[in-house]
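Student: Residue numbers (our numbering): 694 to 872. We put the beta carbon where it would ideally sit given N, CA and C, even for glycine. Before we start, here is the structure in question, set down as structure tokens.
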């Protein structure tokens, strides 16, 4: 575990490749045990590439926050403004305006060091600053550690959704925090 001070700030286009590297290292850790390596690789290639991060970083509906320790990006969170695309999720979340925390990952060497907490506090501060009524996220139903972390920050389960990883379909809890 690292005890290096962490700074959370908005990422820029110049961070796309470094964010992609962090995403490739961290995403597999959050996947359920039955996720195959091939499907994880497809997801990383399709959703977490440097090119895709370039798109996210220039999308006006998204904000990417980076956690930096010792001049290295050690984690990130992605916020997305807008009504959930899935009607069942939109009904469960039932907040307007709402922000999705669509991704939040920290490198394993920094788990338990306060990086996740710093990212979450920055994400919630950003959501409040833009006038959101609350935030929501999806978390894999097998990822108990993440569920406990979100609950500690006031999130409560309000529904379920499915999530595609490559060719596999996984089940997520939808968790919401009302401001």
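(1) So, with DSSP's three-state summary, where would you put residue 701?
(2) From the DSSP output, in three-state form, read off residue 709 for me.
(3) If we count the other Cβ atoms within 10 Å of its Cβ and call it buried at 16 or more, is residue 763 buried or exposed?
(4) Just confirm the distance between the C-beta atoms of residue 788 and residue 827, as a whole number of angstroms; I'd bet it's less than 8 Å.
(5) Which residue or residues does DSSP assign as beta-bridge partners of residue 769?
(6) Am I right that residue 796 and residue 769 are in contact with their C-beta atoms under 8 Å? What's the rounded C-beta distance?
(7) For residue 739, name the three-state secondary structure that DSSP assigns.
(8) Taking buried to mean at least 16 other C-beta atoms within 10 Å of its own C-beta, is residue 744 buried or exposed?
(9) What is the DSSP secondary structure of residue 752, reduced to helix, strand or coil?
(10) In three-state terms, what does DSSP make of residue 830?
(11) If contact is defined by three or more beta carbon pairs under 8 Å, each pair taking one atom from either stretch, is the stretch 754 to 762 in contact with the stretch 729 to 736?
(12) Can you list, in chain order, the residues of its chain with a C-beta nearer than 7 Å to that of residue 695? Leave out the 5 residues immediately preceding and following it.
(13) Evaluate residue 738 with the Cβ neighbour count: other Cβ atoms within 10 Å of its Cβ, from every protein chain shown; 16 or more gives buried, anything less gives exposed.
(14) Starting from residue 862, trace the beta strand (DSSP E) both ways and give me its first and last residue.
(15) Secondary structure at residue 848, three-state DSSP: helix, strand or coil?
(16) Alpha carbon to alpha carbon, what distance is there between residue 799 and residue 773?
(17) Could you check whether residue 808 and residue 740 sit closer than 8 Å to each other, using their CB atoms as the reference points?
Tutor: A quick look at the data gives this:
(1) Position 8 of the chain shown, counted from the start, is the residue given in the question as residue 701. Here residue 701 sits in strand by DSSP.
(2) As a working mapping, residue 709 is identified with position 16 in the chain shown. The answer is helix: DSSP assigns residue 709 an H, G or I state.
(3) Here residue 763 refers to the residue found at position 70 of the chain shown. Exposed, since its Cβ has fewer than 16 Cβ neighbours within 10 Å.
(4) The count along the chain shown starts at 1 and reaches residue 788 at position 95. The count along the chain shown starts at 1 and reaches residue 827 at position 134. The pair is a contact, with the Cβ atoms about 4 Å apart (cut-off 8 Å).
(5) Start at 1 with the first residue of the chain shown, and residue 769 comes out as number 76. Its beta-bridge partners are 759, 798.
(6) Taking the chain shown and counting its residues from 1, the one referred to as residue 796 is at position 103. Taking the chain shown and counting its residues from 1, the one referred to as residue 769 is at position 76. Yes, residue 796 and residue 769 are in contact; Cβ-Cβ is about 7 Å, under 8 Å.
(7) For the purposes of this step, residue 739 is taken as residue 46 along the chain shown, with counting starting at 1. Helix.
(8) Indexing the chain shown from 1 puts residue 744 at position 51. Result: exposed.
(9) Locating residue 752 in the chain shown gives position 59, counting from the first residue. The answer is coil: DSSP assigns residue 752 none of H, G, I, E or B.
(10) Looking up residue 830 in the chain shown gives position 137. Note: residue 830 maps to strand in three-state DSSP.
(11) no
(12) Sequence index remark: in the chain shown, residue 695 carries index 2 (1-based). In this predicted model, residue 695 has a pLDDT of only 49, less than 50, meaning its place in the structure is not dependable; the value taken from the coordinates is given anyway. Correct list, in chain order: 762, 802, 803, 806.
(13) Here residue 738 refers to the residue found at position 45 of the chain shown. By the 10 Å Cβ count, residue 738 comes out exposed.
(14) On the chain shown, residue 862 is found 169 positions in, with the first residue counted as 1. Note, residue 862: beta strand (DSSP E), 861 to 871.
(15) Counting from 1 along the chain shown, the entry for residue 848 is found at position 155. In the structure shown, residue 848 sits in coil (DSSP, three-state: anything other than H, G, I, E or B).
(16) As a first step, residue 773 is located in the chain shown; it is residue number 80 there, counting from the start. As a first step, residue 799 is located in the chain shown; it is residue number 106 there, counting from the start. Distance between the alpha carbons of residue 773 and residue 799: 19 Å.
(17) Counting from 1 along the chain shown, the entry for residue 740 is found at position 47. Counting from 1 along the chain shown, the entry for residue 808 is found at position 115. No; because the gap between Cβ atoms is not below 8 Å, this pair is not in contact.
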